Amino acid sequence: MKAFVFRSIGIAALCVSLLALLSCGNDQRLVSIVVSPQNVTITGVDCTTAPCQPTIQYKAIGFYNHGGKPKDITGQVIWTTDAPSIIQFQSSPAGLLAPTGNGAGTNLGVTATVYSNTSNPSAGTLVFGTAVITVN
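Per the numbering used here, the sequence shown starts with residue 25, numbered consecutively.
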């Protein structure tokens, strides 16, 4: 009876090890990014302090192949906006967006990007996530 139990445990351990090797033979690879918050509206911009207020703290969550646990990658992405004259990301902390006080805009794009080849982005692939913001 003891031999049967030990053999069963050994076979189960071998199966788990083989499944792990077969399903995760490659390194984890980032496949998507979710940016939050989404669809933010800023009103009452005040530039008596630097940076202008109110600021918005964005977060980037990375999702990986093989069903790995999502990770906060806010500090590893490149943050950009399609309206830098109206809104700009601050140098610290990562993901902090502030209005410039130079106008307003609707559905302004915010993007978090990761390049697979950081030394030559055009030679690699990229993964990005987006959000929109309105400044009144």
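The C-beta atom is built at its ideal place from N, Cα and C for all residues, glycine as well. Note that the coordinates shown come from a computational prediction; the quantities given were computed from them, not determined experimentally.
- Boundaries of the beta strand (DSSP E) around valine 55: 54 to 60.
- In the three-state DSSP reduction, alanine 128 falls in the coil class, being neither helix nor strand.
- Shortest Cα-Cα distance from valine 151 to any of Gly86, Cys76, Gly119 and Pro94 involves Gly86.
- Within a 10 Å sphere around the beta-carbon of proline 123 sit 16 or more other beta-carbons, which makes this residue buried.
- Each of Lys83, Thr65 and Tyr88 was checked against the Cα of glutamine 77, and the nearest Cα belongs to Thr65.
- Sequence-distant Cβ neighbours of glutamine 52 in its own chain, meaning closer than 8 Å and more than five residues away, are Tyr88, Asn89, His90 and Gly92.
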